[in-house]
Amino acid sequence: MKKATDRIRALQGDITRMQVDAIVNAANNSLMGDGGVDGAIHRAGGPAILDECRKIVARQGGCPTGEAVITTAGRMPSRNVIHTVGPVWRDGLHREDKLLASCYARSLQLALDHGCKTVAFPNISTGIYGFPKARAARIAVEAVTAFLNKHEEIQEVSLVCFDEENLQLVAEELKLQAQR
Ligand code: APR
315 MKKATDRIRA LQGDITRMQV DAIVNAANNS LMGDGGVDGA IHRAGGPAIL DECRKIVARQ
375 GGCPTGEAVI TTAGRMPSRN VIHTVGPVWR DGLHREDKLL ASCYARSLQL ALDHGCKTVA
435 FPNISTGIYG FPKARAARIA VEAVTAFLNK HEEIQEVSLV CFDEENLQLV AEELKLQAQR
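Quick note on the working numbering: the sequence shown kicks off at 315 and runs consecutively.
Spelled out as structure tokens, the structure:
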């Protein structure tokens with residue numbers, strides 16, 4: 315099996331353009347779309363995504379923080395969108411780390427359950443939700459590595475950074491993780 319860290323890559327770009335089996339959305343509990351990457355995904359994918367989100371909300375009443383749900387990707391080149399809800403940063407004493415790690419693990423589990431072998435993540439919670447970027451980068455790399463160590467079916471995870479700062483932090487964490 316290829317080493318977990320050899321199946322993770324960090325890149326800078328717009329996640330809506332990724333040609334992968336599933337892209338992950340940094341959504342909110344309502345699943346009704348908003349700003350940031352969530353807004354970009356709904357705009358690029360079109361109304362089919364919101365239609366499916368409405369059905370999920372009718373069925374289970376939104377998405378709890380740290381959990382994930384899956385829909386079509388509509389008009390985007392990927393097949394599915396996995397919507398996960400990251401924690402709002404308060405002070406680090408309100409289970410923020412655990413909830414953020416859970417977003418990565420639950421999203422990858424959902425990808426696996428739906429036969430998705432290539433998955434792309436944004437830097438969940440590091441925008442509007444205010445999670446410190448370096449801390450979020452470490453949690454993202456550790457959580458994805460731990461999952462890939464257990465599941466060789468996932469071939470590649472792309473950590474798609476919108477800004478240069480996140481790219482540098484994630485790339486650095488990936489280098490450190492590969493040396494462990
Ligand atoms: N591709 C990749 N990354 C993006 C894109 C994009 N097109 N647009 C924004 N980002 C990056 C931001 O730069 C940030 O690093 O995604 C990261 C997450 O930022 P937000 O989208 O603000 O998400 P988050 O901090 O998790 O806050 C979630 O924002 O829009 C709302 O509905 C969403 O209420 C929820 C909140």
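Using N, Cα and C, we set each Cβ at its ideal position, and we do this for glycine too. Bear in mind the structure is a predicted one, so any value in this text is a computation, not a measurement.
1. Looking at the unbroken beta strand (DSSP E) that takes in ALA336, where does it start and where does it end?
2. Ignore the nearest five residues each way along the sequence and tell me which others in LEU483's own chain have a CB closer than 6 angstroms to its CB.
3. Quick check on the DSSP output: the alpha helix (DSSP H) that includes ALA434 runs from which residue to which?
4. In the DSSP assignment, find the alpha helix (DSSP H) that holds HIS465 and state where it starts and stops.
5. Considering only C-alpha positions, which residue in the set LEU426, CYS475, GLU381 and SER392 is nearest to GLU345?
6. Between the region 326-338 and the region 386-399, do at least 3 Cβ pairs fall closer than 8 angstroms?
7. Taking 7 angstroms as the cut-off, is the C-beta of GLY400 nearer than that to any heavy atom in the ligand APR?
8. List the endpoints of the continuous beta strand (DSSP E) containing VAL402.
Let's see:
1. It spans 336-341 - the beta strand (DSSP E) in which ALA336 sits, taken as one unbroken run.
2. LYS447, ALA448 and ALA451.
3. It is not in any alpha helix (DSSP H) - ALA434 instead sits in the beta strand (DSSP E) that spans 432-435.
4. Looking at the DSSP string, HIS465 is not in any alpha helix (DSSP H), and its letter there is neither H nor E.
5. In the sequence under discussion, the amino acid at residue 345 is Leu, which differs from the Glu named in the question. Checking every option, the nearest Cα to that of LEU345 belongs to GLU381.
6. The region 326-338 is in contact with the region 386-399.
7. At least one heavy atom of the ligand APR falls within 7 angstroms of the beta-carbon of GLY400.
8. Segment: none, VAL402 is in no beta strand (DSSP E) and carries neither H nor E.
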